[in-house]
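Undergrad: Below is one structure. I have some questions about it.
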Amino acid sequence: MSTFELLGMGFQNAFALWALLTIITGLLLGVVAGALPGVSFVNAMAMALPFTYSMAPTQAMLFLGAIYVGGVFGGSISAIIINVPGTPASLPACWDGYPMTQRGEVRRALAVAIVASAIGGLTSALVLSFAAAPFATFALRFSQPEFFAATVLGLISVIAISKDRPIVSLVSLFLGILIGTVGVDPQYGVARFTFGVPAMQSGINFVVVMIGLFAVSEVIDLIATNRDLRPSEAANARGKVSFRDFWDVRGAIARGSGIGSILGVIPGAGATPGAVIAYGVEKQVSREGDKFGTGIMAGLAAPEAAKNATTGSAMVPLLTLGIPGSAATAIMLAAMMLHGVNPGPLLFLNDPTMVYTIFAAMIIANILMIFAGIGVAQFFSTLMKTPPAVLGAFIILLSIIGAYGVRNNIFDVYVCLFFGLVGWVMKRVGFPTAPLVLGVILGPLAERYFMTSLANYNQDWTVFFTRPISGTILALAAVFAIWSLWPILRARYRSVVLLLAGRPGS
Amino acid sequence: MNRIGRMTLGNVLIAGAFVMTGAATAQTYPDRPIELIVTFGPGGGADVMGRQMAQILEGELGVSIPVTNVGGASGNAGLTRLRTSPADGYTMGTLISLTVASWASGIGDNAPDDFRIIGIVQSTPSFLFVAADSPFETAEQLLDHARANPGELTVATSGYGTQDDVALIIMADQGFDMVNVPFSAPGERYAAPLGGHTDVIYEEPGDVGQFIDSGEYRSLMIFAEDRHPEFPDVPTAGEMGLDMVYLNTFRTLAVPAATPEDVVARLEEAVIAAAASEQWQAFCAQTYTCLETLTGEAAQAEIRIFYEAIAAQLED
Numbered sequence: 008m009s010t011f012e013l014l015g016m017g018f019q020n021a022f023a024l025w026a027l028l029t030i031i032t033g034l035l036l037g038v039v040a041g042a043l044p045g046v047s048f049v050n051a052m053a054m055a056l057p058f059t060y061s062m063a064p065t066q067a068m069l070f071l072g073a074i075y076v077g078g079v080f081g082g083s084i085s086a087i088i089i090n091v092p093g094t095p096a097s098l099p100a101c102w103d104g105y106p107m108t109q110r111g112e113v114r115r116a117l118a119v120a121i122v123a124s125a126i127g128g129l130t131s132a133l134v135l136s137f138a139a140a141p142f143a144t145f146a147l148r149f150s151q152p153e154f155f156a157a158t159v160l161g162l163i164s165v166i167a168i169s170k171d172r173p174i175v176s177l178v179s180l181f182l183g184i185l186i187g188t189v190g191v192d193p194q195y196g197v198a199r200f201t202f203g204v205p206a207m208q209s210g211i212n213f214v215v216v217m218i219g220l221f222a223v224s225e226v227i228d229l230i231a232t233n234r235d236l237r238p239s240e241a242a243n244a245r246g247k248v249s250f251r252d253f254w255d256v257r258g259a260i261a262r263g264s265g266i267g268s269i270l271g272v273i274p275g276a277g278a279t280p281g282a283v284i285a286y287g288v289e290k291q292v293s294r295e296g297d298k299f300g301t302g303i304m305a306g307l308a309a310p311e312a313a314k315n316a317t318t319g320s321a322m323v324p325l326l327t328l329g330i331p332g333s334a335a336t337a338i339m340l341a342a343m344m345l346h347g348v349n350p351g352p353l354l355f356l357n358d359p360t361m362v363y364t365i366f367a368a369m370i371i372a373n374i375l376m377i378f379a380g381i382g383v384a385q386f387f388s389t390l391m392k393t394p395p396a397v398l399g400a401f402i403i404l405l406s407i408i409g410a411y412g413v414r415n416n417i418f419d420v421y422v423c424l425f426f427g428l429v430g431w432v433m434k435r436v437g438f439p440t441a442p443l444v445l446g447v448i449l450g451p452l453a454e455r456y457f458m459t460s461l462a463n464y465n466q467d468w469t470v471f472f473t474r475p476i477s478g479t480i481l482a483l484a485a486v487f488a489i490w491s492l493w494p495i496l497r498a499r500y501r502s503v504v505l506l507l508a509g510r511p512g513s
Numbered sequence: 559m560n561r562i563g564r565m566t567l568g569n570v571l572i573a574g575a576f577v578m579t580g581a582a583t584a585q586t587y588p589d590r591p592i593e594l595i596v597t598f599g600p601g602g603g604a605d606v607m608g609r610q611m612a613q614i615l616e617g618e619l620g621v622s623i624p625v626t627n628v629g630g631a632s633g634n635a636g637l638t639r640l641r642t643s644p645a646d647g648y649t650m651g652t653l654i655s656l657t658v659a660s661w662a663s664g665i666g667d668n669a670p671d672d673f674r675i676i677g678i679v680q681s682t683p684s685f686l687f688v689a690a691d692s693p694f695e696t697a698e699q700l701l702d703h704a705r706a707n708p709g710e711l712t713v714a715t716s717g718y719g720t721q722d723d724v725a726l727i728i729m730a731d732q733g734f735d736m737v738n739v740p741f742s743a744p745g746e747r748y749a750a751p752l753g754g755h756t757d758v759i760y761e762e763p764g765d766v767g768q769f770i771d772s773g774e775y776r777s778l779m780i781f782a783e784d785r786h787p788e789f790p791d792v793p794t795a796g797e798m799g800l801d802m803v804y805l806n807t808f809r810t811l812a813v814p815a816a817t818p819e820d821v822v823a824r825l826e827e828a829v830i831a832a833a834a835s836e837q838w839q840a841f842c843a844q845t846y847t848c849l850e851t852l853t854g855e856a857a858q859a860e861i862r863i864f865y866e867a868i869a870a871q872l873e874d
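So the sequence lines, in the order shown, correspond to chains A and B. For reference, each letter of the first sequence is one residue, going 8 to 513 in the working numbering. For reference, each letter of the second sequence is one residue, going 559 to 874 in the working numbering.
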């Protein structure tokens with residue numbers, strides 16, 4: 008049977024009543040979980056896993072797949088409305104989405120985010136359906152040095168993200184990497200920077216840091232400045248959504264979808280690096296790149312498209328090779344194994360119906376996500392109409408629950424509140440917080456890939472440059488860095504000194 | 559009316575107080591959810607075992623058993639959390655061979671006596687596998703190459719200071735020197751031989767069943783006294799002339815050492831019943847890990863023996 012026939016059969020199965028209901032339930036669960044800071048879609052999938060035991064294997068996969076698709080988008084709702092990324096991958100949505108909300112364009116921001124996410128997700132669902140096999144072979148060639156190089160690219164993109172002070176951003180990034188080293192190291196099991204506190208051995212969780220830096224600090228600022236978050240009537244008028252808005256960012260959506268689809272295939276890359284790299288690339292490519300961070304739609308659309316574009320392609324290595332590239336796909340693998348289904352090449356031969364039903368469901372889920380997204384976003388939008396004091400209390404409550412929920416650990420709540428204070432101080436003195444969070448997320452990954460690479464290649468550090476894929480990615484990272492820093496490098500020595508002092512040169 | 563209302567409230571409060579004091583005794587244990595700490599990330603062998611057990615035990619114990627993944631440091635991050643949790647039977651954890659091995663090489667700050675093993679629920683020997691396109695068709699070819707080219711072949715393992723590491727050290731001592739490449743993420747480890755990133759993988763068969771079934775993995779050698787009934791053609795390390803200490807991969811459920819006896823007894827009873835269930839039997843058959851569930855002092859002794867065997871090897 009041809010791919011089209013198989014996919015047709017898949018659609019037939021996925022449009023059955025029980026299958027559609029499963030997808031819709033999963034989507035709603037995912038969007039809500041994603042939108043709540045601290046409850047990531049990975050948590051939601053892990054919690055949903057026991058419910059899938061009683062389902063047929065295909066239904067279980069549809070359920071988990073829908074939670075995955077909805078959850079990856081859901082994080083952006085809270086990122087755009089209250090500047091708190093519901094999931095790490097929605098971090099870039101804060102940078103241009105929240106400024107739009109501050110201007111009163113919350114509806115426009117949400118509409119762009121939902122459409123961009125849906126198109127990104129749809130693109131990668133189609134990649135999954137038609138190009139799974141060649142992509143899987145490509146992904147297998149990624150060894151630890153390639154993972155390391157991809158992580159470095161993600162770290163470097165911080166320079167691109169920083170508006171005008173790359174040096175300050177780098178300081179923030181390295182601080183984040185330092186915080187990421189706290190705890191028992193993954194390779195040799197040595198405790199680092201724990202200061203004898205047992206709770207510190209488990210490390211500082213990046214979700215907790217993120218909630219503190221973005222959510223708690225925002226509330227402190229709200230109280231300190233006594234400003235009103237409610238958009239004025241006049242501002243709301245500018246929030247009208249038109250088709251023009253989507254057409255204007257078509258390039259950004261296309262680039263984001265492409266970057267996300269490719270990065271998603273690589274085990275270990277996933278939604279967060281995908282979104283961050285897409286933002287960095289878009290900033291370089293876009294004509295409005297220098298205005299990114301002030302509420303530019305292209306800066307919102309690109310990472311939104313990219314992060315959802317990782318959902319379909321992340322399932323490529325899972326289904327074709329049986330290799331889970333992320334926590335989300337690992338849970339799907341567990342669900343399949345518990346049902347006695349072994350993913351891998353044999354699955355395509357033994358049970359093509361199941362495989363193509365999953366493909367079809369991913370396509371349907373991304374289209375239905377537009378409606379699920381609008382529904383949940385409507386509910387969250389009403390939050391905006393509440394007085395700042397009530398909203399602040401709500402955010403603090405959500406943050407504490409979120410921080411505790413990550414690992415059910417009260418210590419994390421203290422860490423979260425501490426970083427809330429740190430975040431507020433950083434905000435006041437104009438020290439960027441986003442690079443710090445990226446450092447906490449990507450630093451430990453980079454370390455693990457680096458150490459395993461060295462062990463695998465005879466402690467020879469040149470492998471990072473001599474292996475073709477790894478070398479290409481690192482070269483790309485270098486070009487990226489030089490391109491972003493070019494204005495500074497070109498400037499006279501005096502301005503560089505001024506920049507180092509934290510004041511941009513003339 | 560008002561007075562009745564107040565009396566009812568008083569009764570509720572008194573009843574509540576009885577429930578509170580009763581919570582600590584075995585008659586009512588368990589009367590609230592039991593947290594199961596899986597000491598590794600989602601998707602690995604410990605996670606699948608933990609979630610499977612949690613689901614069956616929910617039926618046996620009548621309370622919900624939420625699973626929390628606390629990965630890191632060969633499982634020690636999660637175990638430290640378990641050890642520092644109240645020893646009241648409301649926090650359980652997975653304690654697996656890999657973690658016990660890590661203690662012997664000084665990783666983490668946990669020791670065998672910090673925990674009370676409820677039951678060893680899975681145990682399985684490990685194999686050396688190569689990818690289907692590997693030039694090594696037999697264990698002999700692999701070992702000959704390793705002897706002739708010390709330090710050339712790479713083996714994907716779960717980490718340093720594990721039973722994987724010990725097996726490779728013992729082999730190196732006998733002239734078969736291969737490089738240990740630790741992959742803490744299971745997915746990346748399974749992919750390593752398939753993508754040609756390492757030559758060999760040291761793994762238990764249950765975790766890589768899909769690759770064995772599809773023929774993408776070739777089984778070369780088993781680390782056990784006897785051949786495996788499911789893999790009758792795969793020679794043992796002993797047959798290949800190696801003098802090994804056989805260290806099975808095992809997975810247990812454990813609670814902090816100070817947990818009251820009656821609570822432990824209740825949990826043991828539930829775990830034995832769970833292991834006998836149809837669902838568990840189907841699961842362990844699929845993962846090649848069926849065995850008679852070991853509990854009590856016997857289980858505790860097994861852990862101690864494993865720990866000492868590894869410590870002895872690493873000291874040499």
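For every residue, glycine included, the Cβ atom is placed at its ideal position computed from N, Cα and C. Predicted model only: the values in this text are computed from it and were never measured.
To which residues of the same chain is Trp-468/A closer than 8 Å at the C-beta, ignoring the five residues directly before and after it?
TA: Looking up residue 468/A in the first sequence gives position 461. Contacts found: Leu-461.
Undergrad: So is Lys-290/A buried or exposed if we call it buried at 16+ other beta carbons inside 10 Å?
TA: Working through the first sequence from its first residue, we reach residue 290/A at position 283. By the neighbour-count rule (16 or more Cβ atoms within 10 Å), Lys-290/A is buried.
Undergrad: With three or more beta-carbon pairs closer than 8 Å as the criterion, would you say the region 320 to 340 of chain A touches the region 80 to 95 of chain A?
TA: Judged by Cβ distances under 8 Å, the region 320 to 340 of chain A makes no contact with the region 80 to 95 of chain A, as fewer than three pairs qualify.
Undergrad: Mind listing which residues of the region 800 to 827 of chain B have their C-beta closer than 8 Å to chain A's C-betas, in chain order?
TA: Listed by position, the residues of the region 800 to 827 of chain B near chain A (Cβ gap below 8 Å) amount to none.
Undergrad: Within a Cβ cutoff of 6 Å, which residues of the same chain sit near Val-49/A, ignoring the five residues on either side of it in sequence?
TA: Residue mapping note: residue 49/A aligns to position 42 of the first sequence, counting from 1. Closer than 6 Å at Cβ, skipping near neighbours: Ala-334, Ala-335.
Undergrad: Taking the alpha carbon of Ala-312/A as the point to measure from, which residue in Leu-56/A, Ser-83/A, Phe-438/A, Pro-44/A has its own alpha carbon closest?
TA: Within the first sequence, the letter at position 305 stands for residue 312/A. Here the closest residue by C-alpha is Ser-83/A.
Undergrad: Taking 8 Å as the cut-off, decide whether the C-beta atoms of Ala-612/B and Ala-816/B are in contact.
TA: Counting from 1 along the second sequence, the entry for residue 612/B is found at position 54. Counting from 1 along the second sequence, the entry for residue 816/B is found at position 258. Not closer than 8 Å, so no.
Undergrad: Taking CB distances under 8 Å as the criterion, tell me whether Thr-459/A reaches chain B.
TA: Locating residue 459/A in the first sequence gives position 452, where the first residue counts as 1. Interface residue, yes.
Undergrad: Does the distance from the C-beta atom of Leu-517/A to that of Leu-325/A stay below 8 Å?
TA: As displayed, chain A neither begins before 8 nor continues past 513, which places residue 517/A out of reach and without an answer.
Undergrad: Buried or exposed: where does Pro-451/A fall if 16 or more other Cβ atoms within 10 Å of its Cβ makes it buried?
TA: Start at 1 with the first residue of the first sequence, and residue 451/A comes out as number 444. Buried: at least 16 other Cβ atoms inside 10 Å.
Undergrad: What residues match up with Val-191/A in a beta bridge as DSSP calls it?
TA: In the first sequence, the residue the question calls residue 191/A occupies position 184. Partner(s): Ala-198/A.
Undergrad: Give the residues from the region 185 to 206 of chain A that approach chain B closer than 9 Å (Cβ to any Cβ), ordered along the chain.
TA: Those would be Gly-190, Val-191, Asp-192, Pro-193, Gln-194, Tyr-195, Gly-196, Val-197, Ala-198, Pro-205, Ala-206, in chain order.
Undergrad: Would you call the region 771 to 780 of chain B and the region 676 to 694 of chain B in contact, with 3 or more CB pairs under 8 Å?
TA: As far as the Cβ criterion goes, the region 771 to 780 of chain B touches the region 676 to 694 of chain B, which means the pair count is three or higher.
Undergrad: Output needed for Ile-476/A: all residues of its chain with C-beta closer than 6 Å, excluding positions within five of it in sequence on either side, in chain order.
TA: Position 469 of the first sequence, counted from the start, is the residue given in the question as residue 476/A. For Ile-476/A, where only same-chain residues beyond five positions count, the Cβ hits under 6 Å are Glu-153.
Undergrad: Buried or exposed for Gln-151/A, going by 16 or more other Cβ atoms inside 10 Å?
TA: As a first step, residue 151/A must be located in the first sequence, where it is residue number 144. Answer is buried; the Cβ neighbour count reaches 16.
Undergrad: Could you check the C-alpha separation between His-346/A and Val-606/B for me, to the nearest Å?
TA: In the first sequence, counting from the first residue as 1, residue 346/A sits at position 339. In the second sequence, counting from the first residue as 1, residue 606/B sits at position 48. Looking at the two C-alpha atoms, the distance is approximately 11 Å.
Undergrad: Considering only C-alpha positions, which residue in the set Ala-206/A, Gly-319/A, Arg-110/A, Ser-406/A is nearest to Leu-43/A?
TA: In the first sequence, the residue the question calls residue 43/A occupies position 36. Here the closest residue by C-alpha is Ser-406/A.
Undergrad: Report the three-state DSSP secondary structure of Val-621/B (helix, strand or coil).
TA: Working through the second sequence from its first residue, we reach residue 621/B at position 63. In the structure shown, Val-621/B sits in coil (DSSP, three-state: anything other than H, G, I, E or B).
Undergrad: For a test of the three-state rule: what should DSSP assign to His-703/B, helix, strand or coil?
TA: Counting from one through the second sequence, the residue named residue 703/B turns up at place 145. Helix, per DSSP.
Undergrad: At the level of alpha carbons, what is the spacing between Ile-654/B and Ala-730/B?
TA: To locate residue 654/B, count along the second sequence from 1; it is residue 96. To locate residue 730/B, count along the second sequence from 1; it is residue 172. Their Cα atoms are separated by approximately 25 Å.
Undergrad: With a Cβ-Cβ cutoff of 8 Å, do Leu-182/A and Leu-443/A count as a contact?
TA: On the first sequence, position 175 is the one that residue 182/A refers to. On the first sequence, position 436 is the one that residue 443/A refers to. Yes, they are a contact pair.
Undergrad: Mind checking the region 676 to 701 of chain B against chain A and listing, in chain order, the residues whose C-beta falls within less than 8 Å of any C-beta there?
TA: Answer in chain order: no residues at all.
Undergrad: On the CB-based measure, 16 or more other CB atoms within 10 Å of its CB, does Arg-520/A come out buried or exposed?
TA: Past the boundaries of the shown model lies residue 520/A; chain A is included only from 8 to 513, so the question cannot be answered.
Undergrad: Please determine, among Lys-392/A, Leu-354/A, Arg-172/A, the residue with the shortest C-alpha to C-alpha distance to Gly-437/A.
TA: Looking up residue 437/A in the first sequence gives position 430. Checked all of Lys-392/A, Leu-354/A, Arg-172/A; the closest Cα to Gly-437/A is Arg-172/A.
Undergrad: Output the boundary residues of the alpha helix (DSSP H) element that contains Thr-65/A.
TA: One-based indexing of the first sequence puts residue 65/A at position 58. From DSSP, the alpha helix (DSSP H) with Thr-65/A extends over 64 to 89.
Undergrad: For Ile-402/A, which of Ala-321/A, Glu-225/A, Phe-22/A, Thr-65/A has the nearest alpha-carbon?
TA: Position 395 of the first sequence, counted from the start, is the residue given in the question as residue 402/A. It is Glu-225/A whose Cα lies nearest to the Cα of Ile-402/A.
Undergrad: Rounded to the nearest angstrom, what separates Cys-842/B and Thr-851/B at their Cα positions?
TA: Translated into the one-based positions of the second sequence, residue 842/B becomes position 284. Translated into the one-based positions of the second sequence, residue 851/B becomes position 293. About 12 Å.
Undergrad: Going along chain B in order, which residues have a C-beta closer than 8 Å to the C-beta of Ala-40/A?
TA: The residue you call residue 40/A lines up with position 33 of the first sequence. Going along chain B, no residue has its Cβ under 8 Å from Ala-40/A, so there is no contact; the nearest lies around 15 Å.
Undergrad: Counting only beta-carbon atoms, is Thr-794/B nearer than 8 Å to chain A?
TA: One-based indexing of the second sequence puts residue 794/B at position 236. No, Thr-794/B does not count as interfacial toward chain A.
Undergrad: Looking at C-beta atoms only, is the number of pairs between the region 313 to 323 of chain A and the region 126 to 134 of chain A that lie closer than 8 Å three or more?
TA: At 8 Å Cβ cutoff, the stretches touch.
Undergrad: With a threshold of 8 Å between beta carbons, is Ile-211/A in contact with chain B?
TA: Taking the first residue of the first sequence as position 1, residue 211/A is located at position 204. By this cut-off, Ile-211/A is not an interface position.
Undergrad: Taking Tyr-60/A as the query, report the chain B residues whose CB atoms sit under 7 Å from its CB, ordered along the chain.
TA: Reading the first sequence from its first residue, position 53 is the one you call residue 60/A. By Cβ distance, chain B contributes Gln-613.
Undergrad: Quick one: complete alpha helix (DSSP H) runs, 4+ long, within the region 18 to 47 of chain A?
TA: Segments of the alpha helix (DSSP H) lying fully in the region 18 to 47 of chain A: 24 to 42.
Undergrad: Would you mind telling me which residues of chain B sit closer than 7 Å to Gln-208/A, beta carbon to beta carbon, in chain order?
TA: For the purposes of this step, residue 208/A is taken as residue 201 along the first sequence, with counting starting at 1. Per Cβ cutoff of 7 Å: Ala-635, Thr-638.
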